[in-house]
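Residue numbers (the numbering used here): 1 to 799. In this text, a Cβ means the ideal position worked out from N, Cα and C, and glycines have one as well.
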Ligand code: ADP
Ligand code: ZN
Ligand code: ZN
């Protein structure tokens with residue numbers, strides 16, 4: 001008897017270890033690790049992943065059998081099964097959530113499946129499966145184990161295709177094709193036998209005479225005047241045979257022209273040589289490719305990917321959420337064509353599923369995608385690239401709270417291939433590792449076009465505010481006007497982190513707050529509502545102050561909507577585009593805005609962080625940053641790093657082509673080192689300064705960090721549990737570990753739950769892992785009382 005080890009879909013500590021189930025005899029040797037099954041669990045049936053199979057007679061036969069097969073082929077390959085174990089351990093999360101995370105969105109839930117026969121022979125040879133139909137719905141209830149075993153064998157032999165029927169908009173699109181099977185005499189005979197008024201059939205037979213063996217898509221037949229019903233009856237008469245071909249949705253909206261590799265500049269060549277050497281020798285070396293915007297990093301990526309492909313291997317390129325622009329995907333596709341698959345969150349479930357399939361079956365060899373693409377089922381990876389490696393979207397905020405960089409390094413070690421981390425402003429962690437020789441530093445110190453970096457000036461808004469009340473300084477306003485007169489383009493950035501517009505009564509100071517959270521509501525003019533960004537609560541904008549009944553209740557703060565209004569008022573003839581979460585919610589709208597601006601159909605593009613990165617517009621000669629320092633006020637040790645990164649990135653947007661650019665940064669902290677050093681784009685000096693600050697504050701990269709967050713509907717309970725945890729930590733960890741808290745989080749109440757946190761800073765703490773595991777197990781027991789504990793290893797957010 002075979003036994004399957006199954007990780008069941010019950011997120012609890014004890015289910016992190018697989019449960020054993022027997023495999024029914026007639027399915028033995030059919031079930032493989034990586035398939036999902038249904039198993040009895042208590043008095044329910046639940047889903048699980050098979051993670052191992054053993055031939056085992058040790059069991060005394062009391063095992064419950066697997067009750068159903070959900071997948072007919074493994075959806076998690078052996079590498080990813082291994083990775084899930086490591087990931088669960090690393091991130092203090094459940095194996096089941098790690099496994100679920102690896103699947104594309106639409107496949108995580110239970111789907112219907114379809115079995116599609118490859119051809120007529122398959123249908124005829126297996127009447128008990130297909131009953132003469134070309135495709136059937138797979139419902140486990142319909143088949144006994146013997147038939148199921150047959151189905152699995154056919155699947156393996158490629159005789160049938162299994163399709164996941166994702167929700168309506170995401171189901172695979174099947175195209176029907178027909179081809180003639182008659183020879184010319186048979187056609188002539190058939191022509192004689194049909195009625196004179198059977199025009200369709202006559203037409204069909206005449207076409208068959210001309211091209212007897214071509215398999216033509218239904219749409220093609222229809223264009224020649226033959227209807228689907230004519231073809232169906234022809235199929236019954238045995239004149240034609242039918243096949244179904246899966247139509248792959250094309251997430252790349254536009255075709256691209258092929259491009260050729262450039263002759264590399266010496267620094268680029270040096271970088272490509274080193275990376276390619278590691279690819280050739282199968283070394284899991286990590287490179288840090290440091291270079292300002294426009295220094296030719298992307299070309300280095302492309303030529304290294306080309307080398308991996310030449311070696312018969314695949315390549316994975318990761319980009320941050322908001323920089324996955326058509327521009328970068330276009331460049332990669334222009335080099336590697338249809339071998340490229342794309343994975344990102346703006347795609348529909350169906351598109352993602354199609355791309356995932358192309359990767360899983362080995363058709364796509366180059367994957368470009370955001371964070372979750374690090375789990376792409378590529379085989380034989382020869383190179384992993386992480387562009388903008390410092391970007392915060394690489395860290396997942398929810399379970400499993402992984403850092404993409406760590407997963408990338410794990411996969412590189414597994415596949416024996418290098419990782420390239422690219423950035424103009426590497427994270428301090430990565431740069432420090434490069435200094436210690438853990439990573440290999442490669443640098444591209446010059447811009448390809450040798451253009452000087454744009455001139456950056458800093459405006460002190462404290463003095464500016466004494467002159468007028470506008471959010472825009474006179475200097476910036478003048479500079480905009482100059483560009484408008486010259487028909488050049490302008491980008492205006494609003495640093496939105498923690499900066500949104502809220503409503504306030506000018507008479508009594510009343511600010512509407514969320515009833516469920518400790519936060520003021522954000523004003524949304526387009527929907528005329530006040531929204532809570534934490535719990536989703538919305539309410540209409542009041543006309544009079546609920547507290548003093550004054551009518552003078554108005555918006556405060558500078559949201560991008562308000563900025564847009566102001567800019568339109570100041571420059572009535574300028575064409576203005578706004579890009580932020582609200583204008584890019586609809587699919588394709590992000591691209592539409594970029595296209596429009598790129599085609600110079602607008603003069604000013606204004607928006608949030610979203611516009612800061614990855615975009616390359618030659619006509620932009622002025623970039624204005626309205627509030628450089630709004631992030632600096634946050635009680636977070638990374639705020640200087642983020643501010644420096646953002647300003648450096650956005651400055652790189654100006655003057656990329658032959659016109660010199662100018663950048664104007666408005667700030668209330670003109671003397672802050674992050675702002676001053678961004679002015680000169682001096683990463684080296686910023687690195688040195690910030691490392692000193694980190695050293696003094698005992699922060700990463702000198703110290704490792706862990707964040708524990710507890711929440712429950714009762715504040716006293718949350719606080720006392722967290723104090724208990726703090727004491728437990730103190731008892732178990734060495735005296736060198738620094739334990740901060742518990743403290744209420746900056747926003748203590750969210751959705752009527754109270755949040756407290758503890759931060760641990762440490763250098764070497766062998767007992768930390770088992771201690772945290774203990775805390776998790778203990779917290780499982782408390783969960784029934786509504787208490788939830790989350791552990792975040794190396795958190796990016798300390799608020
Ligand atoms: P980065 O990724 O560092 O911002 P890119 O790779 O986009 O830089 O390069 C900037 C510009 O220079 C692009 O337009 C690119 O096509 C061009 N470029 C890159 N490498 C070369 C080269 N070796 N010769 C000529 N042009 C190049
Ligand atoms: Zn009031
Ligand atoms: Zn709320």
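Spatial distance of residue i from residue j (CA atoms)
{"i": "residue 590", "j": "residue 80", "result": "32 angstroms"}
{"i": "residue 809", "j": "residue 600", "result": "Residue 809 lies beyond the range of the chain shown here (1 to 799); nothing can be said about it."}
{"i": "residue 209", "j": "residue 178", "result": "14 angstroms"}
{"i": "residue 270", "j": "residue 686", "result": "26 angstroms"}
{"i": "residue 102", "j": "residue 5", "result": "19 angstroms"}
{"i": "residue 169", "j": "residue 175", "result": "In this prediction, residue 169 has a pLDDT of 43, which is less than 50 and means its spatial position is unreliable; nothing more can be read from the coordinates."}
{"i": "residue 497", "j": "residue 608", "result": "No answer about residue 497 holds up, because its pLDDT of 48 lies below 50 and its placement is not dependable."}
{"i": "residue 167", "j": "residue 113", "result": "Residue confidence is low: residue 167 scores 46 on pLDDT, short of 50, so the model does not pin down where it sits. No coordinate-derived value is stated."}
{"i": "residue 2", "j": "residue 54", "result": "6 angstroms"}
{"i": "residue 800", "j": "residue 126", "result": "No answer is possible for residue 800: it lies beyond the span of the chain, which begins at 1 and ends at 799."}
{"i": "residue 784", "j": "residue 42", "result": "19 angstroms"}
{"i": "residue 199", "j": "residue 154", "result": "40 angstroms"}
{"i": "residue 281", "j": "residue 431", "result": "25 angstroms"}
{"i": "residue 257", "j": "residue 334", "result": "6 angstroms"}
{"i": "residue 181", "j": "residue 190", "result": "12 angstroms"}
{"i": "residue 499", "j": "residue 799", "result": "The pLDDT assigned to residue 499 is 46, lower than 50, so where the model puts this residue is not dependable; a value taken from the coordinates is nonetheless given after this. Each residue's Cα considered, the two are about 15 angstroms apart."}
{"i": "residue 340", "j": "residue 350", "result": "17 angstroms"}
{"i": "residue 450", "j": "residue 14", "result": "60 angstroms"}
{"i": "residue 604", "j": "residue 567", "result": "9 angstroms"}
{"i": "residue 295", "j": "residue 652", "result": "10 angstroms"}
{"i": "residue 795", "j": "residue 760", "result": "11 angstroms"}
{"i": "residue 285", "j": "residue 407", "result": "14 angstroms"}
{"i": "residue 626", "j": "residue 702", "result": "33 angstroms"}
{"i": "residue 575", "j": "residue 705", "result": "47 angstroms"}
{"i": "residue 597", "j": "residue 448", "result": "24 angstroms"}
{"i": "residue 423", "j": "residue 479", "result": "30 angstroms"}
Span of the beta strand (DSSP E), counted from its first residue to its last, around residue i
{"i": "residue 502", "result": "502 to 505"}
{"i": "residue 761", "result": "753 to 762"}
{"i": "residue 793", "result": "788 to 793"}
{"i": "residue 386", "result": "381 to 387"}
Boundaries (first-last residue) of the alpha helix (DSSP H) holding residue i
{"i": "residue 771", "result": "768 to 782"}
{"i": "residue 279", "result": "266 to 280"}
{"i": "residue 619", "result": "No alpha helix (DSSP H) contains residue 619, which DSSP labels as neither H nor E."}
{"i": "residue 130", "result": "127 to 130"}
{"i": "residue 644", "result": "639 to 651"}
{"i": "residue 341", "result": "Element bounds for residue 341: not the alpha helix (DSSP H) but the beta strand (DSSP E), 340 to 343."}
{"i": "residue 90", "result": "78 to 91"}
{"i": "residue 597", "result": "589 to 598"}
{"i": "residue 304", "result": "297 to 310"}
{"i": "residue 409", "result": "404 to 415"}
{"i": "residue 359", "result": "349 to 360"}
{"i": "residue 315", "result": "Premise fails: residue 315 lies in the beta strand (DSSP E), 314 to 318, not in any alpha helix (DSSP H)."}
Distance between beta carbons of residue j and residue i, contact taken as under 8 angstroms
{"i": "residue 612", "j": "residue 493", "result": "6 angstroms"}
{"i": "residue 365", "j": "residue 309", "result": "6 angstroms"}
{"i": "residue 99", "j": "residue 7", "result": "6 angstroms"}
Closer than 7 angstroms: residue i CB and nearest ligand 4 heavy atom
{"i": "residue 520", "result": "Within the structure as shown, ligand 4 is missing, the only ligands being ligand 1, ligand 2 and ligand 3."}
Any contact of the segment 376 to 388 with the segment 310 to 322, i.e. 3+ C-beta pairs under 8 angstroms?
The segment 376 to 388 is in contact with the segment 310 to 322.
Between the segment 462 to 479 and the segment 578 to 597, do three or more beta carbon pairs fall short of 8 angstroms?
Contact fails: fewer than three Cβ-Cβ distances are below 8 angstroms.
Take every Cβ of the segment 729 to 739, pair it with every Cβ of the segment 672 to 690, and state whether three or more of those distances are shorter than 8 angstroms.
No, the segment 729 to 739 is not in contact with the segment 672 to 690.
Any contact between the segment 261 to 277 and the segment 301 to 315? By contact I mean 3 or more CB pairs, one from each, below 8 angstroms.
In this structure the segment 261 to 277 touches the segment 301 to 315; the number of beta carbon pairs closer than 8 angstroms is three or more.
Counting pairs of Cβ atoms below 8 angstroms between the segment 5 to 21 and the segment 63 to 74, do you hit three or more?
Touching, per the Cβ criterion.
Sufficient close CB pairs (3 or more, under 8 angstroms) joining the segment 670 to 683 to the segment 716 to 729:
Contact check between the segment 670 to 683 and the segment 716 to 729: fewer than three CB pairs, one atom from each, fall below 8 angstroms, which does not count as touching.
Determine contact between the segment 529 to 542 and the segment 503 to 512, defined as no fewer than three beta-carbon pairs at a distance below 8 angstroms.
At 8 angstroms Cβ cutoff, the stretches touch.
Going along the chain, which unbroken runs of the beta strand (DSSP E) with 3 or more residues stay wholly within the segment 5 to 63?
Correct list: 19 to 23, 36 to 41, 44 to 55.
Inside the segment 430 to 473 only - beta strand (DSSP E) runs reaching at least 3 residues
Here the runs fully enclosed are 440 to 444, 455 to 460.
Does the contact criterion of 3 or more C-beta pairs under 8 angstroms hold for the segment 339 to 354 versus the segment 407 to 418?
Between the segment 339 to 354 and the segment 407 to 418 there are fewer than three C-beta pairs closer than 8 angstroms, too few to call the two in contact.
Counting Cβ pairs closer than 8 angstroms, one from the segment 437 to 454 and one from the segment 394 to 401, do we hit at least three?
Short answer: they don't touch.
May I ask you to verify whether the segment 663 to 674 touches the segment 454 to 461, counting CB pairs closer than 8 angstroms and requiring at least 3?
The answer is yes - the segment 454 to 461 touches the segment 663 to 674, with three or more Cβ pairs under 8 angstroms.
List in chain order: all unbroken beta strand (DSSP E) runs of 3+ residues lying wholly within the segment 168 to 203.
If we require 3 residues or more, the beta strand (DSSP E) runs fully inside the segment 168 to 203 come out as 173 to 180.
List, from N- to C-terminal side, the alpha helix (DSSP H) runs of 4 residues or more that fit wholly inside the segment 664 to 722.
As far as the segment 664 to 722 is concerned, its whole alpha helix (DSSP H) runs of at least 4 residues are 673 to 679, 683 to 697.
Taking 8 angstroms as the cut-off, does the segment 90 to 106 touch the segment 128 to 141 (at least 3 CB pairs, one atom from each stretch)?
Flag = no, the segment 128 to 141 and the segment 90 to 106 do not touch.
Quick check: the segment 789 to 796 against the segment 769 to 780, are there 3 or more CB pairs under 8 angstroms?
Counting Cβ pairs under 8 angstroms, three or more are found: they touch.
Identify every run of the beta strand (DSSP E) within the segment 476 to 562, keeping only runs that are complete inside it and at least 3 residues long; order them along the chain.
Runs of the beta strand (DSSP E) inside the segment 476 to 562: 489 to 493, 502 to 505, 522 to 524, 529 to 531, 538 to 540, 553 to 556.
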